[in-house]
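The next block holds one structure in the form of structure tokens; read it before the comments.
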Amino acid sequence: MRIVLQKVSEGSVDVVDETSGEVDTTFEPQHIGIGYVLLVGVEDTDGAKQIDWLARKIANLRVFEDENGKMNRSIHDVNGSVLSISQFTLYADVRKGNRPSFVKAGAPAHAEQTWHGFNDALRAQGLEVKEGRFGSHMRVRLANDGPVTIIFDTDELGV
Numbered sequence: 003m004r005i006v007l008q009k010v011s012e013g014s015v016d017v018v019d020e021t022s023g024e025v026d027t028t029f030e031p032q033h034i035g036i037g038y039v040l041l042v043g044v045e046d047t048d049g050a051k052q053i054d055w056l057a058r059k060i061a062n063l064r065v066f067e068d069e070n071g072k073m074n075r076s077i078h079d080v081n082g083s084v085l086s087i088s089q090f091t092l093y094a095d096v097r098k099g100n101r102p103s104f105v106k107a108g109a110p111a112h113a114e115q116t117w118h119g120f121n122d123a124l125r126a127q128g129l130e131v132k133e134g135r136f137g138s139h140m141r142v143r144l145a146n147d148g149p150v151t152i153i154f155d156t157d158e159l160g161v
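Numbering-wise (the working numbering), the sequence shown opens with residue 3 and increments by one.
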């Protein structure tokens with residue numbers, strides 16, 4: 003799995019109807035205050051091991067400032083929330099040509115199941131998790147705080 007974590011003071015997502023280009027009223031826009039916006043990419047080899055490791059690591063990551071301005075506090079310590087966005091483009095391969103290849107991105111059924119499993123694992127860690135809509139054209143807005151942006155790649159981390 004690949005995750006781009008951005009510490010935010012606020013974040014939101016809505017869905018765009020691809021036919022009309024207007025906001026899709028069948029999706030209730032999601033909003034969070036302080037916390038993380040997570041862009042989540044899945045490949046076919048991802049499963050419970052990657053989900054569990056990432057959920058524990060993210061829930062306990064200390065990137066929020068304490069009273070001395072040091073990054074010593076977790077998302078739990080600041081009563082933060084998570085906005086999770088599925089994003090297959092994190093597996094873009096741009097080595098050849100000018101059009102990215104997405105062959106490493108997980109098959110949609112597996113990716114959706116894994117993404118929901120990851121979100122549930124974050125909830126099991128005691129976090130409030132809001133979600134975008136899998137496979138949809140979404141508009142994500144955020145105010146990156148710090149800025150703090152951390153990339154997790156379970157292949158590179160040996161998970």
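Heads up, the beta-carbon is just placed ideally off N, CA and C, and yes, glycines get one too.
Predicted model only: the values in this text are computed from it and were never measured.
Could you give the distance in angstroms between the alpha-carbon of residue i and the alpha-carbon of residue j?
i: lysine 51; j: methionine 73; result: 27 Å
i: glycine 82; j: valine 15; result: 17 Å
i: glutamate 69; j: glycine 99; result: 49 Å
i: phenylalanine 90; j: phenylalanine 154; result: 14 Å
i: alanine 57; j: glutamine 127; result: 7 Å
i: valine 65; j: leucine 129; result: 16 Å
i: glycine 148; j: phenylalanine 136; result: 28 Å
i: glycine 160; j: aspartate 46; result: 16 Å
i: glutamate 133; j: isoleucine 60; result: 16 Å
i: leucine 124; j: histidine 33; result: 17 Å
i: glutamine 115; j: valine 42; result: 12 Å
Check each candidate in the options and name the one with the smallest Cα separation from residue i.
i: threonine 28; options: Asp19, Asn100, Ile34 and Gly35; result: Asp19
i: arginine 143; options: Leu85, Asp48, Ile60 and Val42; result: Leu85
i: arginine 4; options: Gly35, Gly13, Gly49 and Gly37; result: Gly49
i: glycine 37; options: His118, Arg101, Lys59 and Ser76; result: Ser76
i: valine 39; options: Asp157, His112 and Arg141; result: Arg141
i: aspartate 54; options: Val150, Glu133 and Gly119; result: Gly119
i: valine 6; options: His139, Ala113, Ala111 and Tyr93; result: Tyr93
If we count the other Cβ atoms within 10 Å of its Cβ and call it buried at 16 or more, is residue i buried or exposed?
i: asparagine 146; result: exposed
i: serine 88; result: buried
i: asparagine 121; result: buried
i: valine 105; result: exposed
i: valine 25; result: exposed
i: glycine 23; result: exposed
i: alanine 107; result: buried
i: valine 21; result: Reading off the sequence, residue 21 comes out as threonine, not valine. It is exposed - the Cβ of threonine 21 has fewer than 16 other Cβ atoms within 10 Å.
i: valine 1; result: What the structure shows of the chain is the stretch from 3 to 161, and residue 1 is not part of that stretch, so it cannot be assessed.
What residue does the alpha helix (DSSP H) around residue i start on, and which one ends it?
i: glutamate 158; result: 156-159
i: leucine 41; result: Taken as a continuous stretch (DSSP letters only), leucine 41 belongs to no alpha helix (DSSP H), being part of the beta strand (DSSP E) at 37-43.
i: asparagine 62; result: 50-62
Within the continuous beta strand (DSSP E) that includes residue i, where are the two ends?
i: leucine 92; result: Leucine 92 -> no beta strand (DSSP E), and no H or E assigned at all.
i: isoleucine 34; result: 32-34
Report the start-end ranges of each beta strand (DSSP E) in the segment 98-151 that is 3 residues or longer and not cut off at the edges.
Taking 3 residues as the shortest admissible run, the segment 98-151 contains the following complete beta strand (DSSP E) segments, listed from N- to C-terminal end: 130-133.
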